[in-house]
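Let me begin by presenting the structure, written as structure tokens, before commenting on it.
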Ligand SMILES: Cc1cc2nc3c(=O)[nH]c(=O)nc-3n(C[C@H](O)[C@H](O)[C@H](O)COP(=O)(O)OP(=O)(O)OC[C@H]3O[C@@H](n4cnc5c(N)ncnc54)[C@H](O)[C@@H]3O)c2cc1C
Ligand SMILES: Cc1cc2nc3c(=O)[nH]c(=O)nc-3n(C[C@H](O)[C@H](O)[C@H](O)COP(=O)(O)OP(=O)(O)OC[C@H]3O[C@@H](n4cnc5c(N)ncnc54)[C@H](O)[C@@H]3O)c2cc1C
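Protein chains in written order, with this note's numbering: chain A, 516 to 924; chain B, 516 to 924.
Written out as structure tokens, the structure is:
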């Protein structure tokens, strides 16, 4: 077997490559960045892995962070209504967030230690045909970059034409973690969300503040303010917006110690949610499969993109292990296997960023504040986006779910 | 729960109904025929259940024929080339064929014994909307009849515009069964196939001869000859065509005892292979799911229609047990789950009836005659049409499969 060529050394490409190496399938990963470049540079995201992903990491033998200190146990919700709602929800098994500048180089090391071939080389669309001649199958796992344009965007599954949130995510010191340790999901109606995430980075256990700002809202300025121009002013602005909109987090901040952990530990921007076709056929007749963000991009508001990429890599890997003829039948089997979870991830996330919020989402959030089992189910479903969407896909579904918990309207 | 309404008391409707009753879901089956009418009348088919279906029958608690006498163990192949090929293939677990005029009334009895509601009532397209108001979900499992037109035929999966075989199937006495007991699949190139099936009917253990006649071929006359006009002449014609084209069966016939078991035990006609959409939306906003032949019709040449209907019923039942909101999301989940097996069944069967036969099919048949493991895999895959299609979907796939058995071209 000439093996599998994977473009991209993010979680999608690496989880796939590692799974295939466990079964001795030859794999080459092409990356436009070296291991050192993956470890350096600007904060790329603030990713939490939920327990289904952690379970896959165990199976892959890359669970290097299996200690209590890395885990968190649920979500603390705060909804800043005139009568604010504040309530927790708990997982059935914990999540953990690691700085990807630590995570990816480490598992890339696992990949090369296990015989994976890693080649630093930017791949442009014209190169893909050449790679397809060299490998049995080429997988495009290059993230949100331009290569994903090989896979047409599906209008039926991509309701937005622009990013729905303007992001400002940074790593901070000076925030005591919540008890029990968890992510705080704080909603400021009309302005957006703050996700406060306990994360392990170069500075140790720190806190990611991911502000998801609605364009035109009061916190939008966070996505525009320039840290480098005046670090102290920037930090003051973050503190002030947190105080105004997100009291559950603010009350744990020690203003004297509050600071960004470093000038590179900040990312501002926005992502355009897109669901793309699963695969494409090259002029030479070979098929290429899209994976991870190259296939489906979601807003980070409910922390699903990387988890979905890992899930999707797993299903693709299973299919490769079962069937080594990489024709349209193969691609279609991959698409069938992952569609329910991947599309549910996109649909759920797209609902979460809708402005104004859907009444049935508000109904569910209200019910969560009154019923611990409802809150726990919603929370644990961060590991099961398909089940989450079974609950949330329509007002009728929310009603039925709540009725199942003895909550009639 | 107002429960599930099912139109049709064939294997599709009954297997679904029985599964749901095991979980106390209210079910009503509507049938245009009474139990007595199901038990009487003309031979409807000559169905073999393969081991995956038998396993489901065990789970459903309807395995009333779990005795050695009902089972058969593999296929005896004969290909009437100038140098004829003759070789067996064995299952990993046996199949069995029962006259559906015995089978269906018996399991309908199980259904009503277990609290299923059975209503004799023809349902026409206009009635479906009314039923959909009365039930949470309506499933159309009405077979090849006109109701299936509610679900558009998929041109991409339905390559034929007319039946590819003219059928003549009857139950006969006077044929000793093959050793070990099996189905004989005999091919007369250019003329069609004979499937000789040990089957249990009202007369006990008899033999179904299912002639699959290529239009214009030498045996086409079997599909036109009128038994009722002259029974003896008809039986003589069958004997003569069997002698000319299907020696492996002919050699086990005692001409003195050879006769049709009864004037009703004969069916002539043809089926148009069709793959239809999985579901449709009614003007009242409710969704209706297609099941069994109402969803996908295949030629009987490889005995898959009823097995596929049972599989599909099982997957639909599982989905109903998991999710009781019968909206488009629900329907899509059903479609995703069953597509690989159902479409593989259709694609494989459509390949088997192609005239002239595809070279890669001939290549595989040739390899089967030379390699017992290859023959056994093909034979056992009558229980796994998806795996069969993994082997047969293209010349490349056949080549790879054979290479895996050490057979290079
Ligand atoms: C602020 C933020 C917070 C987030 N939080 C979460 C979270 O909590 N949970 C979660 O699950 N997800 C989260 N996500 C989403 C998550 O980061 C992504 O979904 C995930 O990292 C995508 O992984 P990937 O492997 O598909 O792509 P990437 O990580 O983008 O990897 C693609 C790789 O391909 C390389 N590459 C690109 N183009 C080429 C080319 N032409 N040739 C060669 N190499 C190329 C790139 O250098 C890159 O290394 C968050 C995202 C953001 C922005
Ligand atoms: C000769 C022959 C041999 C075959 N051999 C095999 C084999 O070996 N293996 C195999 O798996 N398959 C075989 N098949 C195919 C198999 O018979 C069918 O695929 C299967 O029986 C279809 O089951 P069903 O429940 O979908 O439909 P049906 O069995 O057709 O049942 C539909 C029911 O709905 C009722 N109905 C129809 N319209 C209405 C209406 N408007 N209102 C109310 N009720 C209605 C009908 O009376 C009928 O009872 C064979 C078929 C033939 C013709």
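Think of the CB as a built atom: it goes at the ideal place given N, C-alpha and C, for glycine as much as any other residue.
Contact annotation: residue 715 of chain A and residue 571 of chain A have beta-carbon atoms that are not nearer than 9 Å. Not a single CB atom of chain A sits nearer than 9 Å to the CB of residue 829 of chain B.
If you draw a 10 Å sphere on the C-beta of residue 681 of chain B, you find 16 or more other C-beta atoms in it, and that means buried.
In this structure, the beta-carbon distance from residue 564 of chain A to residue 608 of chain A does not fall below 9 Å. Taking a cut-off of 8 Å for Cβ pairs, the region 554-561 of chain A and the region 613-620 of chain A touch, as three or more such pairs fall below it.
Taking non-hydrogen atoms of ligand 2 into account, the C-beta of residue 693 of chain B is found less than 8 Å away from none of them. The beta-carbon of residue 869 of chain A is placed no less than 9 Å from the nearest beta-carbon of chain B.
For residue 896 of chain A, no Cβ of chain B is located within less than 9 Å of the residue's own Cβ. Within the region 801-835 of chain A, no residue has its Cβ closer than 7 Å to any Cβ of chain B.
Annotation note: the region 566-595 of chain B contains the following uninterrupted beta strand (DSSP E) runs of length 3 or greater, listed N- to C-terminal: 586-594. Counting other Cβ atoms within 10 Å of its Cβ, residue 911 of chain B stays below 16 and is therefore classed as exposed.
Sequence-distant partners of residue 699 of chain A (beyond 5 residues in either direction) whose C-beta falls short of 6 Å from its own C-beta, in its chain, are 591, 693, 711, 763, 764. Inter-residue distance for residue 663 of chain A and residue 679 of chain B is about 43 Å (C-alpha atoms, whole angstroms). In chain order, 840 make up the part of chain A whose C-beta sits under 7 Å from the C-beta of residue 912 of chain B. Closer than 9 Å to the CB of residue 672 of chain A there is not a single CB belonging to chain B.
Look at residue 729 of chain B here: in three-state DSSP terms it is coil, with no helix or strand label. Among the residues of chain B, those whose CB is under 7 Å from the CB of residue 855 of chain A are 848, 851, following chain order. Less than 9 Å divides the Cβ of residue 723 of chain B from the Cβ of residue 684 of chain B. Bounds of the alpha helix (DSSP H) holding residue 624 of chain B are 615-628. Assignment of beta-bridge partners to residue 634 of chain B by DSSP yields B/545. Listed in chain order, the beta strand (DSSP E) runs fully inside the region 673-736 of chain A are 681-688, 698-703, 707-716, 719-728, counting runs of at least 3 residues.
Residue-level contact by beta carbon fails for residue 861 of chain A and chain B, as no gap is shorter than 9 Å.
If you look at residue 849 of chain A, you'll find it in the alpha helix (DSSP H) that goes 843-867. With a threshold of 16 other beta carbon atoms within 10 Å, residue 670 of chain A falls short and is exposed.
In the structure shown, residue 760 of chain A falls within a helical segment according to DSSP collapsed to helix, strand and coil.
Three or more Cβ pairs closer than 8 Å define a contact, and the region 853-868 of chain A meets that threshold against the region 823-842 of chain A. Annotation for residue 796 of chain A: the continuous beta strand (DSSP E) segment containing it runs 794-796. With contacts defined by Cβ atoms closer than 9 Å, residue 801 of chain B and residue 653 of chain B form a contacting pair. Chain-ordered, the chain A residues with CB closer than 7 Å to the CB of residue 905 of chain B read 838.
No alpha helix (DSSP H) of 4 residues or more sits fully in the region 771-822 of chain A. For residue 615 of chain B, the shortest separation between its Cβ and any heavy atom of ligand 2 lies below 8 Å. According to the DSSP assignment, residue 767 of chain B belongs to no beta strand (DSSP E), since it is labelled neither H nor E.
Residues of the region 618-642 of chain A with a C-beta less than 7 Å from any C-beta of chain B: none at all. For residue 919 of chain A, the uninterrupted alpha helix (DSSP H) segment begins and ends at 910-919.
Residue 807 of chain A sits away from residue 631 of chain A, with the two beta carbons spaced by 9 Å or more.
Residue environment for residue 913 of chain B: buried (at least 16 other C-beta atoms within 10 angstroms of its C-beta).
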